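Enquirer: Numbering (the UniProt record's numbering), first residue to last: 1 to 335. Next up is a structure, given as structure tokens.
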Amino acid sequence: MTVINRFCDDHYVYSIDESFLRFTGFSKIINDWADYGHTIRRAVWRETGLPVGVGFGITPTLAKAANHAAKKLSGYNGVAVINDDISRQEILTRMDVTDVWGIGSRLGRKLKIMGIKSAWDLANQNPKAMRHMFSVVVERTVSELNGIACLSWDEVKQNKKEIYSTRSFGERVSDLNTLKSALVTHAAIVGRKLRKQQSLAKRLVIFAASSPHEDAYYKKSLLYDFPIPTSDTSVIANAVSDVIDDIFKANTRFYRCGIGAIELESELFQQADMFSVSEDKPKMMECLDVINKRYGVGTLSIGSEKLTKSWNMKRAFLSPHYTTRWSDIPIIDCD
């Protein structure tokens, strides 16, 4: 990123291996954008040994499309530029609609059923109609594909693709209720993180294990699929209840457990399913998050979290919170 950012002061790190640069006003000093892109590629290769793709576009979505072309489509050799209608049509026509930034496979399948198979097909849809059928995010995507900027730096932050909550126990756990309490607590943490980044989980991985250093090592991991993707803590907690008997093993001293939300999708793209009834309670989750944010995590919780807390990690030697807790401020005796 350090090498790339030398080419433009206005930059935004999107992920560990991707960055946006804003070249507003550079048209007066850069005559050939493709040549400039190759200059960036050569500099990165020379100083890091890493090959990169460079895509130029007048909106973030078109820049992402150009970057896709630079890396995936033949004839671009690592650099692609979308700076007029000809280059825009050429690249978008060759792009599958599922490769458009923010569309993904699930929404892409629905679009293909409607005959929208390429990025160019999507660009030629009515933005308002797309909003009515899907969401405001799809409306913005269509507008961006047509060169109308709708996204700012704050709106291009990449969400996590998987969310996990795991922890070792403060003392070994041997009974079912204590293990269930721990897993439901992890379910609450995962649900809160999902809602924070506006994601829904299609699948969970739920596991528990004894210490690998013990003779009778035991580990059980199960996958749980939701009929409708969710971020509702109560629904995730119910998944724990459904599988806990299959995970628990009598006479086992459990050392660690956790939950992972995988196969995530944006809640902004979710469509209602006429054949399934969602168990989500968004208003209740909003209330839960507001109260816990104001009064502290755990103020409101799922009942089964409270079965027992004996499993909690030992916290006797935590560092004092000098800057955020009055009771931890050092007292100086000046006598």
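Even glycine gets a Cβ: it sits at the ideal position worked out from N, Cα and C. Note that the structure is predicted; figures quoted are calculated from it, not measured.
How is the beta strand (DSSP E) around GLY55 delimited, first residue to last?
Expert: Per DSSP, GLY55 belongs to the beta strand (DSSP E) from 54–56.
Enquirer: Taking 8 Å as the threshold, find out whether the stretch 291–301 comes into contact with the stretch 199–211 through three or more Cβ pairs.
Expert: No, the stretch 291–301 does not touch the stretch 199–211.
Enquirer: By Cβ distance below 6 Å, which residues in the same chain neighbour LEU176 in space, the five residues on each side in sequence not counted?
Expert: Excluding positions up to five away in sequence, the list reads PHE248.
Enquirer: Quick one: Cα of GLY49 to Cα of ASN31, how far?
Expert: The alpha-carbon atoms of GLY49 and ASN31 are separated by roughly 27 Å.
Enquirer: Considering only residues of the same chain and omitting the five flanking positions on each side of MET274, which have a CB-CB separation below 8 Å?
Expert: The predicted position of MET274 is uncertain, since its pLDDT is 47 and thus under 50; no value can be drawn from it.
Enquirer: Taking the alpha-carbon positions, what's the LEU264 to PHE169 distance?
Expert: Each residue's Cα considered, the two are about 28 Å apart.
Enquirer: Taking LYS283 as the reference, which of GLY296, ALA208, PRO51 and ASP232 has the closest Cα?
Expert: Comparing Cα positions, the closest option is ASP232.
Enquirer: Rounded to a whole number of angstroms, what is the C-alpha to C-alpha distance between ARG46 and VAL142?
Expert: Roughly 37 Å between the two C-alpha positions.
Enquirer: For LYS112 and ASP96, what's the separation of their Cα atoms in angstroms?
Expert: Rounded to whole angstroms, LYS112 to ASP96 spans 10 Å at the Cα level.
Enquirer: Can you tell me where the beta strand (DSSP E) with LYS202 in it begins and where it stops?
Expert: Start and end: 199–210.
Enquirer: Please classify GLU139: does DSSP put it in a helix, a strand, or coil?
Expert: Correct three-state label for GLU139: helix.
Enquirer: May I ask you to list the residues that DSSP assigns as paired with ARG256?
Expert: According to DSSP, ARG256 bridges with SER168 and ALA209.
Enquirer: Would you mind stating whether GLY55 and ALA66 have Cβ atoms separated by less than 8 Å?
Expert: Cβ atoms of GLY55 and ALA66: closer than 8 Å.
Enquirer: Looking only at its own chain, which residues have a Cβ that is under 7 Å from the Cβ of VAL243, when we skip the five neighbours before and after it?
Expert: Correct list, in chain order: ILE206, LEU222 and TYR224.
Enquirer: What are the boundary residues of the alpha helix (DSSP H) that includes SER105?
Expert: Taken as a continuous stretch (DSSP letters only), the alpha helix (DSSP H) holding SER105 covers 104–113.
Enquirer: Please name the residue or residues paired with THR230 in a DSSP beta bridge.
Expert: Answer is ALA201, bridged to THR230.
Enquirer: Counting along the chain, where does the beta strand (DSSP E) carrying SER19 start and finish?
Expert: Note, SER19: beta strand (DSSP E), 18–21.
Enquirer: Hey, ARG172 and TYR295: beta-carbon distance below 8 Å or not?
Expert: Going by C-beta atoms, ARG172 is not nearer than 8 Å to TYR295.
Enquirer: Under a three-way DSSP split, which group does SER266 fall into?
Expert: Strand at SER266.
Enquirer: List the DSSP bridge partners of ILE163.
Expert: In the DSSP output, where bridge partners are listed per residue, ILE163 has ALA261.
Enquirer: Taking PRO60 as the reference, give the member of THR39, PHE20, TRP326 and ALA43 with the closest Cα.
Expert: The shortest Cα separation from PRO60 among THR39, PHE20, TRP326 and ALA43 belongs to PHE20.
Enquirer: For TYR217, is the classification buried or exposed, using 16 other Cβ atoms within 10 angstroms of its Cβ as the cut-off for buried?
Expert: Looking at its Cβ environment, which holds fewer than 16 other Cβ atoms inside 10 Å, TYR217 is exposed.
Enquirer: Just to check my reading of the structure: ALA182 and CYS257 have Cβ atoms closer than 8 Å, yes? What is that Cβ distance to the nearest angstrom?
Expert: Correct: roughly 5 Å between the Cβ atoms.
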